[in-house]
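Here the structure comes first, spelled out in structure tokens, and everything after it is commentary.
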Ligand SMILES: NC(=O)c1ccc[n+]([C@@H]2O[C@H](COP(=O)([O-])OP(=O)(O)OC[C@H]3O[C@@H](n4cnc5c(N)ncnc54)[C@H](OP(=O)(O)O)[C@@H]3O)[C@@H](O)[C@H]2O)c1
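Residue numbers (the working numbering): 3 to 247.
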């Protein structure tokens, strides 16, 4: 019997990469998308194959919804069991200085992309499948940080979108949930944690479990929500080790 198949956007590093590996360990194959980092997605392909699962990589800019029909055609009609809308960029600006350009980029990549990519993939999504959108703790009441008004607005929109999709897709047995990571050591924000390791300790001190997250902490939860926690839909699960608890 063929393995189940997942599509993961932004699988060339960080949380997307860790999700691909967590799914591969469960015997789930994947289609991995990348944007500007082909060597990153190559590393993900190797890690997935080392777990005994199959994977292939395709380039996709989730900020360009006009390319989605051609992207879906490239998939060749194979049924998808799982979709992870993970690709994202982290850009910050004080509210008084945020430009329309910044707002529009975040809107296209973090909100419009997941909305219309999910819509474009509906014909391929298998009955009984599942979708996870990667949101952010920044969209929640207790995590409001100056500089993230535009970013967090898009993630808040994603949370709302996810509940509506959960309602409408339930008739096909498709579950839809959000996972909201807290601060997690990835390449987000132009590799901010590698360039500014001094950012880490203050965030760790605000985290109940005493450290920032690693990509694997989040990837495991996404894989479990997709493949194991089959009575959960329409929820937003914070995965942060208790950030600002
Ligand atoms: N790290 C955190 O602290 C944190 C906290 C809350 C939420 N998140 C969310 O977690 C998700 C994954 O980010 P990450 O932390 O794992 O960061 P990351 O290591 O920078 O990974 C981001 C991924 O998104 C892809 N991507 C960026 N722009 C894209 C575009 N226009 N089209 C398609 N793909 C694009 C990147 O591809 P290329 O590198 O190939 O360009 C990369 O694979 C994002 O949605 C982010 O908002 C992260």
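Ideal Cβ positions, reconstructed from N, Cα and C, are used throughout, including at glycine.
Below 6 Å, is the gap between the Cβ of residue i and the nearest heavy atom of ligand 1?
| i | result |
| --- | --- |
| residue 14 | yes |
| residue 159 | no |
| residue 149 | no |
| residue 5 | no |
| residue 185 | yes |
| residue 224 | no |
| residue 138 | yes |
| residue 37 | yes |
| residue 9 | no |
| residue 238 | no |
| residue 213 | no |
| residue 89 | yes |
| residue 93 | no |
By DSSP, does residue i sit in helix, in strand, or in coil?
| i | result |
| --- | --- |
| residue 203 | helix |
| residue 144 | helix |
| residue 193 | helix |
| residue 216 | strand |
| residue 84 | strand |
| residue 91 | coil |
| residue 101 | coil |
| residue 188 | coil |
| residue 51 | helix |
| residue 167 | helix |
| residue 232 | coil |
| residue 56 | coil |
| residue 150 | coil |
| residue 14 | coil |
| residue 110 | helix |
| residue 174 | helix |
| residue 225 | helix |
| residue 160 | helix |
| residue 119 | helix |
| residue 96 | coil |
Out of the options, point me to the one whose CA is closest to residue i's CA.
| i | options | result |
| --- | --- | --- |
| residue 85 | 36, 245 and 225 | 225 |
| residue 168 | 45, 238 and 10 | 238 |
| residue 189 | 203, 164, 217 and 222 | 217 |
| residue 143 | 240, 25, 3 and 20 | 240 |
| residue 187 | 209, 215 and 210 | 215 |
| residue 204 | 11, 67, 107 and 185 | 185 |
| residue 97 | 44, 81 and 154 | 154 |
| residue 19 | 4, 59 and 3 | 59 |
| residue 6 | 47, 44, 231 and 55 | 55 |
| residue 111 | 83, 68 and 79 | 68 |
| residue 221 | 9, 105 and 22 | 22 |
| residue 41 | 64, 15, 63 and 51 | 15 |
| residue 80 | 38, 128, 39 and 36 | 128 |
| residue 150 | 109, 234, 63 and 247 | 109 |
| residue 89 | 66, 183 and 11 | 11 |
Based on the DSSP output, what are the partners of residue i in its beta bridges?
| i | result |
| --- | --- |
| residue 31 | 7 |
| residue 36 | 61 |
| residue 245 | 209 |
| residue 26 | According to DSSP, which records beta bridges pairwise, residue 26 is partnered with nothing at all. |
| residue 127 | 82 |
| residue 180 | 135 and 238 |
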